[in-house]
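Colleague:
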Amino acid sequence: MSETALSKRVVYAALIGNLLVAATKFVAAAVTGSSSMLSEAVHSLVDTGNEALLLYGYFRAGRRPDDSHPLGYGRELYFWSFIVSLLLFAIGAGVSIYEGIDHIIEPSPISNPAVNYIVLALSAVFEGASWWIALKRFGKLKGRRGYWETVRDSKDPPSFMVLFEDTAALIGIAIAAAGNFAVQYWDISWVDGAASILIGVVLAIAATVLARENKALLIGERASDEVINSILSLAISEQSIDGANNVFAIHLAPDQILVALSLEFADELRTPQIEAAVVRLEERIRAKHPEVIALFIKPQTRRTFEKMRAEFYRGDEDTG
């Protein structure tokens with residue numbers, strides 16, 4: 000099974016879990032009148048919509064190239080992932096904070112608090128199951144790297160977005176339970192509103208981190224050092240090539256990379272021989288890296304490459 004297919008399974012699991020959780024939380028909020036429970040219900044509903052948008056992004060990114068988009072639609076996944084992070088901030092965090100402030104200004108007692116605890120327990124089970132699936136998937140991607148390093152290096156946003164959302168959801172459940180407990184046993188009604196605001200802050204922090212990572216991918220991130228070094232090794236091992244001046248590799252999608260190579264070919268080679276060498280190299284690169292969907296090779300001496308690069312950076316300084 001491909002890496003993309005595995006990530007989709009995580010998103011489907013989160014979608015089902017969040018849908019079940021949202022339904023139970025809305026019922027509990029209506030029965031008890033709890034502000035923090037309503038915030039949690041909105042959070043779960045937003046998460047459900049987010050997973051649907053991520054799946055839509057996968058669908059759109061999988062479309063084949065056409066005349067208007069010759070490099071395909073791979074970046075649509077990054078676009079919709081960025082939209083998801085904005086929705087989590089605007090709707091999830093915004094509504095939670097608004098409800099919390101409203102409840103602090105006009106506090107009201109919680110009726111049937113036992114219902115809240117039952118729903119929160121069920122929600123913890125559903126969210127916990129989704130979180131565990133996402134964590135196992137993320138653990139395979141992580142390997143020996145740190146968690147934050149893996150997030151920064153990942154080119155597949157849903158692989159870490161679901162984990163972030165589920166983690167925020169579990170924290171929110173704990174906050175909601177603490178708020179309900181304070182209202183029930185200490186009769187401090189405004190604590191429920193404060194819990195709702197705290198849930199909103201947690202969502203805002205998660206959304207900000209996700210937006211930052213998705214923005215970087217949407218603008219364009221280079222491929223991993225492992226991929227770049229592998230492509231360079233393949234180029235250098237070609238007998239007709241004297242050296243590799245530079246390699247440019249950027250992700251268009253998790254499994255789609257655009258590569259441009261500046262290579263110095265042997266001086267004695269004629270045009271047909273250079274063309275044959277380019278074809279051989281293309282075949283070897285695509286065989287080892289099927290994720291390379293666009294490959295451009297430019298024959299260029301080292302001297303010419305350095306001259307053009309110097310002119311480029313000098314021009315950039317003049318305009319800057």
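Just so you know, the sequence shown maps onto residues 0 to 319 in numbering that gives the first Met the number 0. Glycine included, each C-beta is placed from N, C-alpha and C at the ideal position.
#1: Are there 16 or more other CB atoms within 10 angstroms of the CB of A203, so buried, or fewer, so exposed?
#2: Taking all protein chains shown into account, do 16 or more other C-beta atoms lie within 10 angstroms of the C-beta of S33, making it buried, or fewer, making it exposed?
#3: How long is the line joining the alpha carbons of L197 and I170, rounded to whole angstroms?
#4: Taking the beta strand (DSSP E) that E290 belongs to, which residues open and close that run?
#5: Report the three-state DSSP secondary structure of E164 (helix, strand or coil).
#6: Does the distance from the CB of S122 to the CB of I172 come in under 7 Å?
#7: Does H250 come out as helix, strand or coil in the three-state DSSP assignment?
#8: Classify P271: buried if its beta carbon has 16 or more other beta carbons within 10 angstroms, exposed otherwise.
#9: For P156, count neighbouring Cβ atoms within 10 angstroms of its own Cβ and tell me buried if that reaches 16, exposed if not.
#10: Please list the terminal residues of the continuous alpha helix (DSSP H) segment that includes E212.
#11: Measure the CB-CB distance between G99 and S195 and report whether it falls below 7 Å.
#12: May I ask you to verify whether the region 129–146 touches the region 59–76, counting CB pairs closer than 8 Å and requiring at least 3?
#13: Just to confirm before moving on: does the CB-CB distance between Y57 and K7 stay below 7 Å?
#14: Would a C-beta distance cut-off of 7 Å place F81 and L217 closer than the cut-off?
#15: What residue from D101, L162, L209, E282 has the CA that sits closest to L294's CA?
#16: Look at the Cβ atom of G199, then the Cβ atom of S84, and state whether they are nearer than 7 Å.
#17: For Y13 versus E50, is the C-beta distance shorter than 7 Å?
#18: In chain order, what residues of the same chain lie with their CB nearer than 7 Å to the CB of V30, ignoring the 5 residues before and after it?
#19: Measuring straight from C-alpha to C-alpha, what distance separates Q255 and E75?
#20: Count the other CB atoms, across all protein chains shown, that sit within 10 Å of the CB of F247; report buried if there are 16 or more and exposed otherwise.
#21: In whole angstroms, what is the alpha-carbon distance linking F180 and Y97?
#22: Check L70 in the structure and name its three-state DSSP category.
#23: If I follow the unbroken beta strand (DSSP E) through L260, where does it start and stop?
#24: Tell whether a beta-carbon distance below 7 Å holds between H288 and D191.
#25: Terminal residues of the continuous alpha helix (DSSP H) containing L85?
#26: Starting from the Cα of F304, find the closest Cα among I104, T23, L268, G242 and give me that residue.
#27: Taking the alpha-carbon of R221 as reference, which of R151, A177, V277, E267 has the nearest alpha-carbon?
#28: I need the DSSP call for G145, collapsed to helix, strand or coil.
#29: Is N111 helix, strand or coil when you go by DSSP?
#30: Rounded to a whole number of angstroms, what is the C-alpha to C-alpha distance between A286 and K135?
#31: Just to confirm, are A21 and L44 a CB contact at a threshold of 7 Å?
#32: Using 10 angstroms around the beta-carbon of P253, count the other beta-carbons present and answer buried if the total reaches 16, otherwise exposed.
Modeller: Looking at the coordinates:
#1: With 16 or more other Cβ atoms within 10 Å, it is buried.
#2: Counting C-beta atoms within 10 angstroms of its own C-beta, S33 has 16 or more neighbours from the protein chains shown and is therefore classed as buried.
#3: Cα to Cα, the separation comes out at about 10 Å.
#4: Run containing E290: none; DSSP gives neither H nor E here.
#5: E164 falls in the helix class under three-state DSSP.
#6: Closer than 7 Å, so yes.
#7: In the displayed model, H250 falls within a strand according to three-state DSSP.
#8: When all chains shown are included, P271 counts as exposed.
#9: Buried is the call here.
#10: Residue range 189–218 is occupied by the alpha helix (DSSP H) that includes E212.
#11: Contact check for G99 against S195 passes: the beta carbons are separated by less than 7 Å.
#12: In the pairwise beta carbon analysis, the region 129–146 is classified as not touching the region 59–76: fewer than three pairs are separated by under 8 Å.
#13: The answer is yes: Cβ separation under 7 Å.
#14: In this structure, L217 lies closer than 7 Å to F81 by Cβ.
#15: Comparing Cα-Cα distances from L294 to each of D101, L162, L209, E282, the minimum goes to E282.
#16: No, the pair does not count as a contact, with Cβ atoms beyond the cut-off.
#17: Per the sequence shown, the amino acid found at residue 13 is Ala instead of Tyr. Judged by their CB atoms, A13 and E50 are nearer to each other than the 7 Å cut-off.
#18: Cβ-Cβ distances below 7 Å link V30 to N111, V114 in the same chain, with the five nearest sequence neighbours on each side left out; the list follows chain order.
#19: Looking at the two C-alpha atoms, the distance is approximately 12 Å.
#20: With fewer than 16 other Cβ atoms within 10 Å, it is exposed.
#21: Computed Cα separation, rounded: 21 Å.
#22: Coil at L70, not helix or strand.
#23: Its beta strand (DSSP E) spans residues 255–264.
#24: Result no, Cβ atoms of H288 and D191 do not sit closer than 7 Å.
#25: L85 -> alpha helix (DSSP H) spans 75–86.
#26: F304 has its Cα closest to that of G242, out of I104, T23, L268, G242.
#27: Ranked by Cα distance from R221, the options R151, A177, V277, E267 are led by R151.
#28: G145 sits in coil when the DSSP states are folded into three classes, being neither helix nor strand.
#29: Collapsing the DSSP output to three states places N111 in coil.
#30: C-alpha separation (whole angstroms): 29 Å.
#31: Taking 7 Å as the cut-off, the beta carbon of A21 is found closer than this to the beta carbon of L44.
#32: Counting Cβ neighbours within 10 Å, P253 comes out buried, since at least 16 surround it.
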